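At position 17 of the sequence shown (counting the first as 1) the number is 575 in the numbering used here, and the numbers step up by one without a gap.
See structure below.
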Amino acid sequence: MMILVDEVRCEIHSGELYVGLILGKDGHQSHHLILLPGEALRVSWQTANQWAQDSGGDLPSRRELALLFANRRECFQDRWYWSSEKHAADSFYAWNQFFGTGTQYDDHISNQMLARAVRRMSIR
559 MMILVDEVRC EIHSGELYVG LILGKDGHQS HHLILLPGEA LRVSWQTANQ
609 WAQDSGGDLP SRRELALLFA NRRECFQDRW YWSSEKHAAD SFYAWNQFFG
659 TGTQYDDHIS NQMLARAVRR MSIR
């Protein structure tokens, strides 16, 4: 399926869902976010990253997790999901989000959580 968003064609493959537009830190449009099908259960941060790449995408950033909560919350369990971002002050911790409330927190990368993969379509 092909959708047209702000005159940009976004190809959506079977099982994928369009999430929305991500703004960059400067406020300009950065990219469109697509949620990929599937979910990894009870995985460490490293395993979650590998699973996302094997699925054809990446773990979502903290900003992308917030958009997923706002626009596609129904696609997530009320559980903790890994983000792609490690904590700036301690590389043994990475950010995650609880989809019951939208709260973001950091946890040790060896902890077991869920993961979803996303792909990004650049704004040209």
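Don't be surprised by glycine CBs; every beta carbon is placed ideally from N, CA and C.
Owing to the predicted nature of the structure, the values given are computational and were not obtained by experimental measurement.
- Contact check between the region 579-596 and the region 649-666: fewer than three CB pairs, one atom from each, fall below 8 Å, which does not count as touching.
- By the criterion of a C-beta distance shorter than 7 Å, SER641 is surrounded in its chain by LEU617, PRO618, SER619, ARG620, LEU623, ALA652, TRP653, ASN654 and GLN655, once the five residues flanking it on both sides are discounted.
- Taking every protein chain shown into account, the CB of ARG600 has fewer than 16 other CB atoms within 10 angstroms, so this residue is exposed.
- Contact annotation: GLY615 and ALA675 have beta-carbon atoms nearer than 7 Å.
- Between PHE634 and the set PHE657, ARG678, SER613 and PHE650, the nearest pair of CA atoms involves PHE657.
- Under the DSSP definition of a beta bridge, LYS644 partners with ALA652.
- A straight line joining the alpha-carbon of ALA610 with that of CYS568 spans about 20 Å.
- In this structure, SER602 lies near SER668, with their beta-carbon atoms less than 7 Å apart.
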